[in-house]
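So for the sequence shown, full-length UniProt numbering puts the first residue at 1; every next one is plus one.
Ideal placement from N, C-alpha and C gives every residue a C-beta, glycine not left out.
This one's a predicted model, so the numbers in the text were calculated from it and none came from an experiment.
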Amino acid sequence: MTSFQTLPSLPMSLHNTQCVAYKREILVCGGHDKKKCYSYHTIKNQYKEICSYPNDVKLQGHCVVKRVDENNPNEITLLSFGGSENKKKHTLVMKYVSVWEEDPNNIEKIKQANQWNPFTNNDNQPILIGRDKDYHRGVRAVIGGSNNHLLFITYSPKNIDVFNLNTFQYIKHDTLPTSDFIFLHCFVLKTMNGLERVKTNIKKNEILLFCKKTGLSIEYDEDNNTFQFHRLPVCNAIALFYCYAYVYINDFILFFGGWNGNLLSNKIISKSVHKYSIKEKTWITFEHTLPISLKDCFGILNEDNTYIHIIGGSSDKDIVSTHMKTNVIGWMDEKEIVEVIRKERKEDDGIGIKSLESNDKNMNVGNDNEESKEEEKEKEIIAYVIINEKKKTIKMKELTFKELMIQCYNNLEEEDFEKMTKEKLKMEIIDIKNGKIIESNEDIIKILKDNEPLFKINWISFKIESELNKKIIKNGLVIMININEYDDDNNNISNDYINNYRILFEKKLNYTLIYNEKLKMNKEDIKEYLIEIIINKKLRKNIYKYDCLIIIISGYINYQKNILITSNGNFISIYDHIFSLFQSFQYFPKLYIIDCCYIDNYVINIPNNIRIKKQQQQLNNDFVIVWSILKKIN
């Protein structure tokens with residue numbers, strides 16, 4: 001179960017803050033109309049004040065990015081900028097040295113370093129990022145380029161700039177292809193991935209942007225100084241929102257909370273958590289949520305990429321001082337965990353991702369280091385696991401099933417991963433003492449009361465598992481989509497079969513069956529119908545405890561493209577716009593029945609070159625699709 005751990009509250013209520021990770025610290029750099037900056041120590045769980053922004057600086061949706069000096073990794077430079085159109089903007093830099101430094105010889109160095117100063121060029125002349133006409137309130141920026149010298153800036157209403165930090169000049173401006181007002185949005189550099197090495201000398205940068213219903217992959221060619229824009233899918237569950245916290249890690253982006261931009265009775269502040277897979281281009285809406293509804297909060301990974309921190313924000317009524325964290329692993333599936341570990345093992349130069357075990361190998365030696373090592377040792381639980389007849393030691397830092405899985409995966413060999421992929425095997429953990437399969441946190445807690453417990457890894461195939469595990473469905477939900485009437489009356493279809501489904505599912509099986517009474521539907525009608533079901537039946541949290549989902553689609557189809565033809569002759573993707581809405585059923589059995597007619601001469605508005613992506617649903621071999629296609633003879 002994924003949960004959030006409450007940490008000591010911020011020194012003040014704060015929203016629209018900007019944060020930067022630095023070793024064991026998270027630097028909190030002001031917020032909306034708040035000038036003070038703090039360092040939060042992730043081991044000590046304490047805050048220390050760093051400094052304040054100058055009195056004449058007004059912070060409202062500013063942006064802070066981090067530059068690291070490769071020659072001096074103990075010192076970083078923060079760049080802060082922002083401001084509204086035709087109003088005073090700021091561009092400041094701070095050389096940061098840890099305020100937790102206990103060496104008396106460095107005290108004076110800290111005082112000199114940790115102050116916001118004007119951003120200047122090589123001639124010591126002040127440089128301002130943001131022209132008079134630029135609206136930099138709610139701006140977002142990332143640093144990229146072949147030498148980490150380019151600042152990519154996106155800001156309202158739909159602008160993107162490239163600023164060269166070495167020459168102190170703008171080198172490119174373009175307009176984003178969107179109808180949305182880009183503001184307080186998600187903006188991440190793909191090569192900046194928290195679990196991958198930042199690659200230099202690459203002349204092409206890929207940046208991802210999400211805001212409301214806009215999803216964009218932005219490619220910048222450094223040699224030709226050109227942009228290319230590609231649209232990305234955005235799921236309906238998040239398409240209304242912006243002002244969310246977001247974190248990019250290991251080929252996916254997590255989104256926390258958000259706001260629909262409305263006020264009073266139409267205002268919605270979300271507590272949902274969504275995940276976008278960059279590789280698969282698919283979305284998941286998690287059952288687990290934030291403890292409270294939040295907007296204008298900030299999400300950031302700690303330095304060793306084990307925890308996500310959610311800092312500040314606004315609830316429905318107040319600006320909050322909330323600070324919480326959640327384990328990264330809790331938001332990953334087995335496939336993603338395996339991928340992380342495989343990437344980790346390929347790193348042989350000490351620069352790549354840090355171990356998910358938080359062993360802090362790259363930290364400087366010092367008092368903090370020794371202190372944290374002692375704390376880590378105290379928290380470790382020693383256990384043993386037999387893998388392929390070899391007994392190995394594992395050190396667990398948490399009494400959770402996820403942690404046990406991670407440690408077992410860490411001890412697999414490369415051949416094991418290859419075997420899992422080729423033979424479609426799944427890992428099963430057995431307690432040697434009683435032969436019981438470990439499946440939950442409760443199992444772990446009971447077993448780890450023993451001194452140094454012993455586990456064994458069994459390999460089971462997905463096929464065997466599906467044959468052995470049979471489930472009786474008692475509370476199924478059946479949703480019918482029936483399009484039987486068309487603008488062209490010659491193509492109308494009989495709807496006699498509806499009663500047959502009602503007899504089967506309602507009377508025989510006692511399932512909940514929902515069907516549309518309006519038999520003439522266009523694309524928007526279908527979307528509204530499905531969203532209304534999701535809301536009325538409270539499917540996001542599955543309040544009514546449905547244990548199975550059955551979707552029956554009836555009408556004309558183009559089965560080569562997997563699309564349903566609507567009453568007005570247009571179309572809707574069966575996978576992208578119907579099946580993908582029900583992510584809350586991702587771990588439940590699903591039956592999709594496509595009960596449709598097909599005729600050769602039905603003319604619909606489908607361009608020949610259309611590419612409709614069949615979304616890869618986040619399912620575990622737990623769905624069946626039944627196609628029943630009859631050809632209509634005219």
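message = Would Pro453 and Ile437 be called neighbours here (beta carbons separated by less than 9 Å)?
response = no
ask   = In chain order, what residues of the same chain have a beta carbon less than 7 Å from the beta carbon of Thr175, not counting five sequence neighbours either side?
value = Lys158 and Asn159
ask   = Name the DSSP beta bridge partners of Cys186, please?
value = Phe210
query = Shortest alpha-carbon distance to Lys446 belongs to which of Asn434, Ile457 and Lys109?
reply = Asn434
inquiry  = Suppose the cutoff is 7 Å on Cβ atoms and the five residues either side in sequence are ignored; what does the same chain contact list for Ile534 look like?
reply    = Arg540 and Leu581
ask   = If residue 635 sits next to Ser146, beta carbons under 8 Å apart, how far is it from one beta carbon to the other, in whole angstroms?
value = Missing from the structure shown is residue 635; the chain here goes from 1 to 634 and no further.
message = Thr393 and Ile386 - do their beta-carbons sit closer together than 9 Å?
response = no
Test item: CB-CB of Val273 and Phe286 under 9 Å = yes
request  = Check each candidate in Phe417, Asn72 and Ser98 and name the one with the smallest Cα separation from residue 649.
outcome  = Since the first and last residues shown for the chain are 1 and 634, residue 649 lies out of range.
key: Enclosing beta strand (DSSP E) for Asn72 [first to last residue]   = It is not in any beta strand (DSSP E) - Asn72 carries neither H nor E in the DSSP assignment.
inquiry  = By the DSSP assignment, the beta strand (DSSP E) with Cys51 in it spans what residues?
reply    = Gln46 to Ser52
query = Below 9 Å between beta carbons: does that hold for Leu27 and Leu79?
reply = no
key: CB contact flag (Gly31, Gly83, <9 Å)   = no
request  = Check Tyr544 in the structure and name its three-state DSSP category.
outcome  = coil
ask   = Using the C-alpha atoms, what's the distance from Leu263 back to Tyr501?
value = 43 Å
task = Write down the C-beta distance between Gly144 and Asn205 rounded to the nearest angstrom, noting that I regard them as a contact closer than 8 Å.
result = 4 Å
request  = Would you decide whether Leu504 is buried or exposed? Buried here means 16 or more other CB atoms lie within 10 Å of its CB.
outcome  = exposed
Burial state of Ile50 (16 or more Cβ within 10 Å) = buried
Contact between the region 512-523 and the region 220-228 (3+ Cβ pairs under 8 Å) = no
Cβ distance (whole Å) where Val247 is taken to contact Gly299 below 8 Å = 4 Å
Rounded straight-line distance, which links the Cα of Ile207 to that of Gln125 = 31 Å
query = Taking all protein chains shown into account, do 16 or more other C-beta atoms lie within 10 angstroms of the C-beta of Ile528, making it buried, or fewer, making it exposed?
reply = Sequence inspection shows Glu at residue 528; the Ile mentioned does not correspond to that position. Classification for Glu528: exposed.
query = To which residues of the same chain is Glu239 closer than 7 Å at the C-beta, ignoring the five residues directly before and after it?
reply = Sequence inspection shows Ala at residue 239; the Glu mentioned does not correspond to that position. Within the same chain, Ala239 has close Cβ partners Lys212 and Lys213.
inquiry  = Report the start-end ranges of each beta strand (DSSP E) in the region 400-450 that is 3 residues or longer and not cut off at the edges.
reply    = 425-431
task = Starting from the C-beta of Glu485, find all residues in its chain whose C-beta is less than 7 Å away, skip the five residues before and the five after it, and write them out in chain order.
result = Asn492, Leu519, Lys520 and Ser567
inquiry  = On the CB-based measure, 16 or more other CB atoms within 10 Å of its CB, does Ile310 come out buried or exposed?
reply    = buried
task = Would you mind stating whether Lys471 and Pro589 have Cβ atoms separated by less than 9 Å?
result = yes
inquiry  = Using only CA atoms, which one of Lys317, Pro233, Lys281 and Cys235 lies nearest to Ser265?
reply    = Lys317
request  = Let me know the secondary structure DSSP gives Arg502 once reduced to three states.
outcome  = helix
key: Nearest to residue 642 (by Cα), restricted to the options Asn305, Tyr587, Lys507 and Glu506   = Residue coverage of the chain in this structure runs from 1 to 634, which leaves residue 642 outside it and unanswerable.
Range covered by the alpha helix (DSSP H) that runs through Glu532 = Lys523 to Asn536
message = Quick check: what's the CA-CA separation for Glu303 versus Ile278?
response = 22 Å
ask   = Would you report the Cα separation of Asp477 and Glu517, rounded to the nearest angstrom?
value = Strictly speaking, residue 477 in this sequence is Leu, with Asp absent from that position. Between Leu477 and Glu517, the C-alpha separation is close to 17 Å.
query = Hey, how far is the Cα of Leu165 from the Cα of Phe229?
reply = 24 Å
inquiry  = Considering only the alpha carbon of each residue, which of Asp134, Tyr409, Met480 and Val57 lies closest to Thr154?
reply    = Asp134
message = Considering only the alpha carbon of each residue, which of Asn16, Asn250 and Ile483 lies closest to Tyr515?
response = Ile483
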